[in-house]
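Chemist:
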Amino acid sequence: MYSISATDRTFLTMRRPPVAGFFLDFDGRAPSVDELARRVAARSGSLPALTRLLPAGRARYGSPHAAAVDPNAHVRHWRVPDGERALHDACEALLTRELPGRARPPWDCRLLTQSSVAGRFRVCFRVHHALTDGVGAAHSALALLADTPVAGPPLYPDAGGGIRAGLCAVRETAAPALRPGPPWHALRRVTGPGGGARWTYGDVPLARLRALADTHRTSVNDIALAALALALRSWSTELALPDPPSPARTLVAMSTRTPRQRLAPGNHIAFHRLHLPVTAATLGTSAAEVRRQTDAVRRSHRRDALRALLDLPCPPASGSRALRAVVNTRLYPFAVSSVSFPQSFTCFGARLSAASLFLHIGDDEQRPVYLSFTRTPDTVRCAVVTDVPRAHATALPRHWVRALG
10 MYSISATDRT FLTMRRPPVA GFFLDFDGRA PSVDELARRV AARSGSLPAL TRLLPAGRAR
70 YGSPHAAAVD PNAHVRHWRV PDGERALHDA CEALLTRELP GRARPPWDCR LLTQSSVAGR
130 FRVCFRVHHA LTDGVGAAHS ALALLADTPV AGPPLYPDAG GGIRAGLCAV RETAAPALRP
190 GPPWHALRRV TGPGGGARWT YGDVPLARLR ALADTHRTSV NDIALAALAL ALRSWSTELA
250 LPDPPSPART LVAMSTRTPR QRLAPGNHIA FHRLHLPVTA ATLGTSAAEV RRQTDAVRRS
310 HRRDALRALL DLPCPPASGS RALRAVVNTR LYPFAVSSVS FPQSFTCFGA RLSAASLFLH
370 IGDDEQRPVY LSFTRTPDTV RCAVVTDVPR AHATALPRHW VRALG
């Protein structure tokens with residue numbers, strides 16, 4: 010049995026089921042769908058987040074009982090027409106495709122192959138966001154797919170945090186609600202109505218980001234965020250906006266998942282505010298400002314403070330309302346997650362070459378444009394997920410790649 014958090018409940022009550030997961034690219038021979046189904050059937054029963062049904066009604070606790078996984082429902086093979094465009098379209102379609110129904114745990118694993126590409130394949134792992142967060146999804150996907158046990162994204166032991174510090178952190182994050190201001194200038198432009206999701210990505214070698222991090226004496230993640238600030242500026246210029254870009258308030262996800270919660274169901278996640286310095290003239294200037302802010306988050310032990318606060322009992326409705334109020338494009342036009350696969354791994358002998366964390370929370374223009382940085386041993390992939398009216402935001406990964414030279 011596990012407690013249903015305010016974050017879980019927020020995702021449970023959304024009009025459209027929010028989908029999180031990964032697109033995982035492999036170099037090597039693709040397994041058959043039967044091989045993949047047998048592995049899923051053998052391993053999924055020991056993965057708590059993948060054997061739980063969605064809680065019903067206003068339940069405060071998730072079921073302690075594991076539900077059966079049906080390989081016929083949870084594993085599918087899509088033979089995608091040849092060409093990059095066809096593969097891209099198939100991935101976009103998966104962002105809005107229904108997950109297995111309430112009688113089965115809401116997740117699936119799709120094998121995507123193309124007849125003209127014998128040495129590469131893609132696996133799409135999707136799960137209802139109420140059941141797990143991005144870091145939890147990564148650990149579940151590794152346990153489900155990897156040929157041998159492998160380390161996943163970092164987990165953070167509970168070092169203890171004060172409730173008062175947690176409340177201060179929440180107050181800082183929620184402060185823009187008092188004076189939200191107009192929508193961020195570039196997001197006022199829309200390309201027209203329509204449902205569905207838009208997704209794209211750009212890749213940069215990890216060695217390039219490490220070299221820049223060494224040059225500017227900061228972390229790879231700070232360099233990725235600093236380059237995003239420059240990307241927002243050049244994107245604004247490309248849109249020929251008459252006004253100079255204003256600071257971009259960004260909601261940055263921060264995992265609170267501990268080692269003992271590695272495969273646990275539920276969302277173990279908090280957020281902090283970051284002002285992306287879109288007026289910075291150079292990557293070095295942008296990186297210095299990003300580091301100043303992220304250093305402040307680390308020094309304040311924000312992760313532990315927010316973990317302590319989130320562990321407190323909270324009336325379900327009020328917690329969900331508070332989170333919905335903050336996750337709003339008027340307050341935070343952009344939301345960013347970062348996930349790292351620190352070790353290479355193989356799936357049926359094929360090596361992981363790149364990955365993309367995604368999150369789609371429905372056709373709601375009040376939700377931020379979502380960006381992710383997914384690090385594998387050779388590559389950092391910047392991906393964006395947005396809706397059709399804001400499809401022009403899919404240009405951001407291209408500008409991000411350019412900002413990194």
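Each residue of the sequence shown is one higher than the one before, starting from 10 at the first, in the numbering used here. We put the CB at the ideal spot given by N, CA and C, even for glycine.
1. Could you check which residue in L248, L250, L218, A249 has the C-alpha nearest to that of A235?
2. For the pair the segment 360–367 and the segment 391–407, tell me if three or more CB-CB distances fall below 8 angstroms.
3. Tell me which residue opens and which closes the beta strand (DSSP E) that F134 is part of.
4. In the DSSP assignment, what residue or residues form a beta bridge with A39?
5. If you measure between the beta carbons of G30 and F134, is that distance less than 8 angstroms?
6. Is the separation between the beta-carbon of L164 and that of R52 shorter than 8 angstroms?
7. Measure how close the beta-carbons of V229 and R384 come, nearest whole angstrom, since I'm counting them as under 8 angstroms.
8. For the putative contact between R47 and W87, defined by C-beta atoms under 8 angstroms, what is the C-beta separation to the nearest angstrom?
9. Rounded to whole angstroms, what is the Cα-Cα separation between A222 and D231?
10. Run through DSSP, which three-state label would H97 get?
11. Take the Cβ of E298 as the centre, count every other Cβ of all protein chains shown within 10 Å, and call the residue buried at 16 or more, exposed below.
12. Looking at the unbroken alpha helix (DSSP H) that takes in I232, where does it start and where does it end?
13. Just the Cα atoms here: how many angstroms apart are T19 and S125?
14. Using a 10 Å radius around the Cβ and a threshold of 16 neighbouring Cβ atoms, would you call L121 buried or exposed?
15. Just to confirm the assignment, what range does the alpha helix (DSSP H) spanning L318 have?
16. Should Y379 go down as buried or exposed, given a rule of 16 or more other Cβ atoms within 10 Å for buried?
17. Using the Cβ count rule (16 or more neighbours within 10 Å means buried), how would you classify P114?
18. Using the rule of at least 16 other Cβ atoms within 10 Å of the residue's Cβ for burial, across every protein chain shown, is H83 buried or exposed?
19. With burial defined as no fewer than 16 other Cβ atoms inside 10 Å of the residue's Cβ, what is the status of A353: buried or exposed?
Modeler: Taking the coordinates as given:
1. Counting from 1 along the sequence shown, the entry for residue 235 is found at position 226. Nearest to A235 by alpha-carbon distance, out of L248, L250, L218, A249, is L218.
2. yes
3. Reading the sequence shown from its first residue, position 125 is the one you call residue 134. Note, F134: beta strand (DSSP E), 129–137.
4. For the purposes of this step, residue 39 is taken as residue 30 along the sequence shown, with counting starting at 1. None; A39 has no bridge partner.
5. Numbered from its first residue, the sequence shown carries residue 30 at position 21. Numbered from its first residue, the sequence shown carries residue 134 at position 125. For G30 and F134, yes; Cβs fall inside 8 angstroms.
6. The residue labelled residue 164 in the question sits at position 155 within the sequence shown. The residue labelled residue 52 in the question sits at position 43 within the sequence shown. Against a cut-off of 8 angstroms, the Cβ pair of R52 and L164 comes out as no contact.
7. Numbered from 1 along the sequence shown, position 220 holds the residue referred to as residue 229. Numbered from 1 along the sequence shown, position 375 holds the residue referred to as residue 384. Contact between V229 and R384 is confirmed by a C-beta separation of about 7 angstroms, below the 8 angstroms threshold.
8. As a first step, residue 47 must be located in the sequence shown, where it is residue number 38. As a first step, residue 87 must be located in the sequence shown, where it is residue number 78. With a Cβ gap of about 19 angstroms, R47 and W87 do not count as contacting.
9. Within the sequence shown, the letter at position 213 stands for residue 222. Within the sequence shown, the letter at position 222 stands for residue 231. A222 and D231: Cα-Cα distance of roughly 8 angstroms.
10. Numbered from 1 along the sequence shown, position 88 holds the residue referred to as residue 97. Looking at H97 - three-state DSSP - the assignment turns out to be helix.
11. Within the sequence shown, the letter at position 289 stands for residue 298. Counting C-beta atoms within 10 angstroms of its own C-beta, E298 has 16 or more neighbours from the protein chains shown and is therefore classed as buried.
12. If you number the sequence shown from 1, residue 232 lands on position 223. Element bounds for I232: 229–247.
13. Within the sequence shown, residue 19 is the residue found at index 10, counting from 1. Within the sequence shown, residue 125 is the residue found at index 116, counting from 1. One C-alpha to the other measures close to 42 angstroms.
14. In the sequence shown, counting from the first residue as 1, residue 121 sits at position 112. L121 is classed as buried because its beta carbon has at least 16 other beta carbons within 10 Å across all chains shown.
15. As a first step, residue 318 is located in the sequence shown; it is residue number 309 there, counting from the start. Per DSSP, L318 belongs to the alpha helix (DSSP H) from 311–319.
16. In the sequence shown, the residue the question calls residue 379 occupies position 370. Label assigned to Y379: buried.
17. What you label residue 114 is simply residue 105 of the sequence shown in a count that begins at 1. Label assigned to P114: buried.
18. Locating residue 83 in the sequence shown gives position 74, counting from the first residue. Classification of H83: buried, given that the 10 Å Cβ count is 16 or more.
19. Counting from 1 along the sequence shown, the entry for residue 353 is found at position 344. Residue identity check: residue 353 is Ser in the sequence provided, not Ala. S353 comes out exposed.
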